[in-house]
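For reference, the structure is listed below as structure tokens.
Residue numbers (this note's numbering): 633 to 817.
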């Protein structure tokens, strides 16, 4: 009666879609994961939610659900409101990154991908309502510029290296960089 349950998968997996195998890529097949949440007295029974959240949002959500004060140094944001009302309009896009400078942002309907690691900064845009399998790239269609601009604003401007020699020091240094940036702002 008082146990919060969150069940999720690690990552999606390509099974030859778009000629890819494995988990490498920013398309829906490898970026989307199953996620099931049950909070007694909060989540309505037998409901499905189409709002997009990120696994990094789990901890801030758990903190809020447990009545603890938020920690401003945590990444992510609570999705408690979405748990209480799964049909609410949720305007919080989520980010997936692959190999440092390649980012994909989805708001549920659109998936915008920016390959910043490439010299040309290639882009992809897919409308999941019309093309859930992401076969038609709309990025060059001028009628979608507003959608691209709205989602592109969520592309990170700071990039960490791909493979730190010591992950613990890399995380420590990353946190210090974030702290020093906050102080400067």
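All C-beta atoms, glycine included, are put in the ideal place defined by N, C-alpha and C.
Computed from a prediction, not measured in an experiment: that's the story for all the values here.
(message) When you compare the region 778-786 with the region 727-746, are there three or more beta-carbon pairs, one atom per stretch, that lie closer than 8 Å?
(response) Counting C-beta pairs with one atom in each stretch, the region 778-786 and the region 727-746 have three or more that are closer than 8 Å, which means they touch.
(request) Please confirm whether residue 641 and residue 682 have their CB atoms less than 7 Å apart. (result) Here residue 641 refers to the residue found at position 9 when the chain shown is read from its first residue. Here residue 682 refers to the residue found at position 50 when the chain shown is read from its first residue. No, the Cβ-Cβ distance between residue 641 and residue 682 is not below 7 Å.
(request) Identify, in the order they occur along the chain, each residue of the same chain with its Cβ nearer than 8 Å to the Cβ of residue 814, setting aside the five sequence neighbours on each side. (result) Along the chain shown, one-based indexing puts residue 814 at 182. Residue confidence for residue 814 is low, a pLDDT of 43 falling below 50, so the modelled location carries little weight; the figure read from the coordinates is stated next. Residues of the same chain with a CB within less than 8 Å of the CB of residue 814, apart from the 5 flanking positions on each side, do not exist.
(message) Looking at the strands, I want to know which residues DSSP matches up with residue 715.
(response) By one-based count along the chain shown, residue 715 stands at place 83. Beta-bridge pairing links residue 715 to no other residue.
(request) Report the rounded CA-to-CA distance for residue 710 versus residue 703, giving the unit in angstroms. (result) Taking the chain shown and counting its residues from 1, the one referred to as residue 710 is at position 78. Taking the chain shown and counting its residues from 1, the one referred to as residue 703 is at position 71. Their backbone Cα atoms lie some 11 Å apart in a straight line.
(message) Give me, in chain order, the residues of the same chain whose beta-carbon lies closer than 6 Å to that of residue 730; leave out the 5 immediate sequence neighbours on both sides.
(response) Along the chain shown, read from residue 1 onward, the residue named residue 730 stands at position 98. If we look at residue 730 and ignore the five residues flanking it on each side, its Cβ neighbours are 658.
(message) For residue 692, tell me which candidate among 676, 679 and 712 has the shortest Cα-Cα distance.
(response) Your numbering for residue 692 matches position 60 in the chain shown. Ranked by Cα distance from residue 692, the options 676, 679 and 712 are led by 712.
(request) Express the C-alpha separation of residue 687 and residue 728 in angstroms, rounding to a whole number. (result) Stepping through the chain shown from its first residue, residue 728 is reached at position 96. Stepping through the chain shown from its first residue, residue 687 is reached at position 55. If you take the alpha carbons of residue 728 and residue 687, they lie about 10 Å apart.
(request) Note down, one range per segment and in chain order, each alpha helix (DSSP H) of at least 4 residues found wholly within the region 744-791. (result) Runs of alpha helix (DSSP H) with 4 or more residues, each lying fully within the region 744-791, are found at 777-784, listed in chain order.
(message) Just verifying my parser: in three-state terms, what is the DSSP assignment at residue 636?
(response) Residue 636 sits at position 4 when you count from the first residue of the chain shown. Coil at residue 636, not helix or strand.
(message) Given this structure, state the Cα-to-Cα distance separating residue 671 from residue 637, to the nearest angstrom.
(response) Here the question's residue 671 lines up with position 39 in the chain shown. Here the question's residue 637 lines up with position 5 in the chain shown. If you take the alpha carbons of residue 671 and residue 637, they lie about 7 Å apart.
(message) Whole angstroms are fine: how far does the CA of residue 743 sit from the CA of residue 766?
(response) Here the question's residue 766 lines up with position 134 in the chain shown. Here the question's residue 743 lines up with position 111 in the chain shown. If you take the alpha carbons of residue 766 and residue 743, they lie about 9 Å apart.
(message) Starting from residue 688, trace the alpha helix (DSSP H) in both directions and tell me its first and last residue.
(response) Taking the first residue of the chain shown as position 1, residue 688 is located at position 56. Premise fails: residue 688 is in no alpha helix (DSSP H) and is neither H nor E.
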